[in-house]
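Just below is one structure, and these are the notes that go with it.
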Amino acid sequence: MLNDWLYLGIFLIIAFALPAVAILIAGVLSPKKGNPIKNSIYECGIEPIGESRIQFKVQYYVYGLIFLIFDVETVLLFPWAVAYKQLSLFAVFEAVLFILILAAALLYAWRKGALEWL
Amino acid sequence: MSFLADPVNFITQWLSTLLIGWGASASFTQLILYIIGAGALTLGALFFTVFLIWLERKIGGRFQDRLGPNRLGPWGIFQPIADMLKIFTKEYITPTGADKVPFNLAPILAVGGVLAMWAVIPYASTVFGVNFNIGVVYLIAVGAIGDLGIIMAGLGSNNKYALLSGFRAVANLISYEVPMVLVLLIPVLFSGSLGMNDIVKSQQTWNIFLAPLAALIFFTTSIAENGRAPFDLLEADSELVAGFNVEYSGLKFGMFYVADFLHSFTAALVFSTVFLGGWRGPGAETIPILGFVYLILKSSLVYFLILHIRFTIPRFRIDQMMDFNWKFLTPISLVLLMVTIVIDKLIPTDLTFIRISVHWAVNILIWVAADRILSAALKSHPAKVVARPRPLARPPHVAVDEKPGGEI
Amino acid sequence: MSGMQVIFLIAAAVTLGSAIAAVSARKMLHAALWLVLALLGVAVIFALLEASFFAVVQVLVYIGAISILVIFAVMLSRTSLTDEGSQTNRGWWVAALGLVIVLIGVVAALSLWPKWTAMPGALPAAATDMATLGKQLVDPNGYLLPFELSSILLLAALVGAIYTAVDKKEEKP
Amino acid sequence: MIPLSWYLILAAALMSIGLFGVITRKNLVGALIGIELMLNAVNINLVAFWRYFHNARPEMDGLVFVALIFVVAAGETAIGLALIISAYRSRKTVDVNELNLLKG
Chain A
1 MLNDWLYLGI FLIIAFALPA VAILIAGVLS PKKGNPIKNS IYECGIEPIG
51 ESRIQFKVQY YVYGLIFLIF DVETVLLFPW AVAYKQLSLF AVFEAVLFIL
101 ILAAALLYAW RKGALEWL
Chain B
1001 MSFLADPVNF ITQWLSTLLI GWGASASFTQ LILYIIGAGA LTLGALFFTV
1051 FLIWLERKIG GRFQDRLGPN RLGPWGIFQP IADMLKIFTK EYITPTGADK
1101 VPFNLAPILA VGGVLAMWAV IPYASTVFGV NFNIGVVYLI AVGAIGDLGI
1151 IMAGLGSNNK YALLSGFRAV ANLISYEVPM VLVLLIPVLF SGSLGMNDIV
1201 KSQQTWNIFL APLAALIFFT TSIAENGRAP FDLLEADSEL VAGFNVEYSG
1251 LKFGMFYVAD FLHSFTAALV FSTVFLGGWR GPGAETIPIL GFVYLILKSS
1301 LVYFLILHIR FTIPRFRIDQ MMDFNWKFLT PISLVLLMVT IVIDKLIPTD
1351 LTFIRISVHW AVNILIWVAA DRILSAALKS HPAKVVARPR PLARPPHVAV
1401 DEKPGGEI
Chain C
2001 MSGMQVIFLI AAAVTLGSAI AAVSARKMLH AALWLVLALL GVAVIFALLE
2051 ASFFAVVQVL VYIGAISILV IFAVMLSRTS LTDEGSQTNR GWWVAALGLV
2101 IVLIGVVAAL SLWPKWTAMP GALPAAATDM ATLGKQLVDP NGYLLPFELS
2151 SILLLAALVG AIYTAVDKKE EKP
Chain D
3001 MIPLSWYLIL AAALMSIGLF GVITRKNLVG ALIGIELMLN AVNINLVAFW
3051 RYFHNARPEM DGLVFVALIF VVAAGETAIG LALIISAYRS RKTVDVNELN
3101 LLKG
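Below is the structure:
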């Protein structure tokens, strides 16, 4: 178990180090001749107006919210799915109830108009 | 064990006997082997991407009635290498007011998040990175790191369009993760394990035959997850300049490019592992290298499908894309999950033929019902026309015959 | 010192360091990004404790969902971005001093406990099998009630959050 | 092998840092970040106790509680951030010192 994690850890370190090293090498090779015009922000070819941190609408938050709820519910369902073959029909219906409550959450969000991209 | 049948394990054994012969301890040898294995796999994946870029451009060219790259080498196969050399010597431009750390970290996270998926995929019956009991959840979790890279690119660039695009992209990605995770539960419960190799081993009948609708939903969402057309909303040039990576240049931009191309093949790889039986095929148990060939063949087929869809279907609008996910895919996958778990419990596993036919019947039933409901809903709520067409340019003396307040 | 201890110390240092940065960063966005690093450190700690499933779930839920939600919320409450002044209350050092004293006190009290320096035994196979957890979750004699209640809790949270967050004026077309 | 005390000290320190954030942050989102850190400290403790004392019960009780804490954390974040967004919409601030309607 810990050996698996060791391999995974090494793999992750290499996977994230490789692009970093590539970017560093390219940084050494590439010219560095910045000037204020070149470094200015690109927006459709005209000068940027206002600051970049614009106000967002609440819709993004609502989608994130529903995603979070579904994510946590499926996290509870994954151990259940692993045990599925050893479970009785009763336990399956418990999970169906669980998923139905999840579906009710989706239904509420839908009826409330929270799923509309306005 | 011969070299031709199972080269990876042959080399591993040879190396470990060599190292132990030099007096290295067993655990140290293991560590060295892990480092070599992981390094070879990641480097191989990155160089494979170079080939993938050529392949995608070539196939894309053919779809659009062009030649595609054709100058450097036979069939232009050295084109991506020339591009790579060029991009290595391009200047990095950091926009004024950029948030340096997130800005520079974003391309690394984007590539690393995709590369990390290769750690758990079983390539042959004896060659797999790790098979501990979390593979499927790991795949989803690593996808979340890619989301984080995109959001960092948007936040760090100090550019409204990059920020808007990054947020849209993340909203899309997390939305499509919901049906994806829900349908991934189905192969997990068929095999009774979260480990990828266990899932492959348990597929006496491929999962796509047991759960065709789940496979279809997973395929759709994985296209959406890597932001390919028709879901390539984050690079809608006309609305968002070029997406969250507008301020990137040089290899930092190249890394997003690499991540994009690598991700589409990785999606094909994951799909064929989970639903198409991975390395399974005639003779793959005894001759492991055959399994690798099967896996690559299956993935190439899926990859070609992804490309086909990319080059033929036009882009969605963002509201259509969100509606498609939340009002169509998610309800279907919830219903599918509930029906599948009840039915599969009722039918004994050894009645393979009956099991497959019942699953097919139920899946087709759900699909037809969803289609009926969808067309009825579309009839009662006709599609919104977002913008009214502008009046055509005309000389001022010509009268306009436009109905006041006419609906279009 | 074994390799595991070195990994633990690095992970703990990263976790604590980025946690301190997360509660003291001036810009809220930076605080959220530091939070991500701290949560990643906690995931490594879980992996060291051989709770593989929860190490991955930590990344999935906390980094994939909760921190993205926090970033969305920061972007929605915009004034916090441009706020360049002090982000902490006056007298933060009183809180810091008090908490350091409490921390030392708790650690000192705990160190009297005989199992303070307990070493881990080998994990039995049943304890690493996800199926055990799954069976316990739907076992009427186990944790069936919390399992079902948690879905109701999440439903309630979703209903409440959508009701609060969605603007009532925007709702009417 | 790592003694239990290391994990407990780490969890206690993380808890204190989180509590510090909750107490001192002016910004409500900052306070919420502190709460997340505190919940994580609790999780570290639960997992560590599961790992070190599973011999008493070879089941996964400790991990069930970790799963439930994930659920609670999700609910808490969802509601908390929704309240913050709602407060920001009506009062145009997320500063705790200015949200003092009940002060009279």
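Protein chains in written order, with our numbering: chain A, 1 to 118; chain B, 1001 to 1408; chain C, 2001 to 2173; chain D, 3001 to 3104.
Think of the CB as a built atom: it goes at the ideal place given N, C-alpha and C, for glycine as much as any other residue.
None of these values were measured; they are calculated from a predicted model.
DSSP three-state call for residue i: helix, strand or coil?
i: B:Pro1282; result: coil
i: D:Asn3097; result: coil
i: C:Arg2090; result: coil
i: D:Arg3025; result: strand
i: A:Pro31; result: coil
i: A:Phe98; result: helix
i: B:Phe1048; result: helix
i: B:Pro1122; result: strand
i: B:Phe1411; result: In this structure chain B extends from 1001 to 1408, so residue 1411 of chain B is not present and cannot be described.
i: B:Phe1078; result: coil
i: B:Phe1244; result: coil
i: A:Phe67; result: helix
i: B:Lys1298; result: helix
i: B:Trp1360; result: helix
i: C:Phe2008; result: helix
i: C:Val2074; result: helix
i: B:Pro1382; result: coil
i: C:Asn2141; result: coil
i: C:Leu2155; result: helix
i: A:Trp117; result: coil
i: D:Phe3053; result: helix
i: B:Arg1062; result: helix
i: C:Val2057; result: helix
i: B:Gln1320; result: helix
i: C:Val2166; result: coil
If you drop the 5 nearest sequence neighbours on each side, which residues of the same chain put their C-beta closer than 7 Å to that of residue i?
i: A:Phe11; result: none
i: B:Ala1005; result: Ile1287, Pro1288, Ile1289
i: C:Ser2080; result: Only weak support exists for where C:Ser2080 lies, its pLDDT of 48 falling under 50; the coordinates are left without a value.
i: B:Trp1367; result: Leu1213
i: B:Val1181; result: Ile1140
i: A:Ala114; result: Val62
i: B:Ser1016; result: Thr1029, Leu1033
i: B:Glu1056; result: Phe1261, Leu1307
i: C:Leu2137; result: Tyr2143, Phe2147
i: D:Val3029; result: Ile3084, Val3094
From the DSSP output, which residues share a beta bridge with residue i?
i: B:Asn1325; result: DSSP output for B:Asn1325 lists no bridge partner at all.
i: B:Phe1128; result: B:Pro1122
Could you round the C-beta distance between residue i and residue j to whole angstroms and report it? I think they count as a contact, below 8 Å.
i: A:Lys112; j: B:Ile1093; result: Wrong, their Cβ atoms sit about 45 Å apart, outside the cutoff.
i: B:Tyr1303; j: B:Ala1259; result: Incorrect: roughly 16 Å between the Cβ atoms, too far for contact.
i: B:Val1142; j: B:Gly1166; result: B:Val1142 to B:Gly1166, Cβ: 19 Å. No contact.
i: B:Val1270; j: B:Ile1121; result: 7 Å
i: D:Phe3065; j: D:Leu3046; result: 5 Å
i: B:Ile1087; j: B:Leu1189; result: Actually they do not touch by this definition, with Cβ atoms about 45 Å apart.
i: B:Asn1159; j: B:Val1101; result: Not really, about 17 Å apart at Cβ, beyond 8 Å.
Among the residues of its own chain, which have a CB less than 6 Å from the CB of residue i, if the five just before and after it don't count?
i: B:Gly1283; result: Leu1290
i: C:Val2059; result: Ala2043
i: B:Ser1191; result: Asp1198, Ile1199, Ser1202
i: B:Val1127; result: Val1008
i: C:Val2014; result: Gly2041
Apart from the five residues just before and just after residue i, which ones in its own chain have a Cβ nearer than 8 Å to its Cβ?
i: D:Leu3019; result: Gly3034, Met3038
i: B:Ile1313; result: Ala1229, Pro1230
i: D:Thr3077; result: Leu3032, Glu3036
Taking three-plus beta-carbon pairs below 8 Å as touching, is the stretch 81 to 88 of chain A in contact with the stretch 2127 to 2145 of chain C?
Yes, the stretch 81 to 88 of chain A touches the stretch 2127 to 2145 of chain C.
Flag this pair as touching only if the stretch 1202 to 1219 of chain B and the stretch 1152 to 1162 of chain B have three or more C-beta atom pairs under 8 Å; answer yes or no.
Under the Cβ criterion (8 Å, minimum of three pairs), the stretch 1202 to 1219 of chain B does not count as touching the stretch 1152 to 1162 of chain B.
With three or more C-beta pairs closer than 8 Å as the rule, is the stretch 86 to 101 of chain A touching the stretch 1087 to 1103 of chain B?
no
Does the pairing of the stretch 97 to 106 of chain A with the stretch 1327 to 1334 of chain B give three or more beta-carbon distances under 8 Å?
yes
Tell me, please, whether the stretch 2097 to 2106 of chain C touches the stretch 1175 to 1191 of chain B by the rule of three or more beta-carbon pairs shorter than 8 Å.
no
Per the contact definition of three or more C-beta pairs closer than 8 Å, is the stretch 2051 to 2065 of chain C in contact with the stretch 3007 to 3015 of chain D?
The answer is no - the stretch 2051 to 2065 of chain C does not touch the stretch 3007 to 3015 of chain D, with fewer than three Cβ pairs under 8 Å.
Below 8 Å, how does it come out for the stretch 64 to 72 of chain A and the stretch 2154 to 2161 of chain C: are there three or more Cβ pairs, yes or no?
In short, these stretches touch, since the Cβ pair count reaches three.
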